[in-house]
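Asks:
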Amino acid sequence: MADDVVINKAATIERYVARAREEYAVNPATFAHDFTR
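Using the UniProt record's numbering, read the sequence shown as starting at 1 and increasing by one per residue.
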């Protein structure tokens, strides 16, 4: 069961990182200051 939790957490983090990379690619200059994305 603990392995399932770790796997789910890892998948969630991977999704968030992918989303952050997509947003960074849109406009790197405003990435750190645009919290609405």
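All residues carry an ideal CB built from backbone N, CA and C; glycine is no exception.
1. Does DSSP put ASN27 in a helix, a strand or coil?
2. What's the gap between the Cα of ALA11 and the Cα of THR36?
3. Can you tell me the Cα-Cα spacing of THR30 and ASP3, whole angstroms?
Replies: Taking the structure as given:
1. coil
2. 23 Å
3. 37 Å
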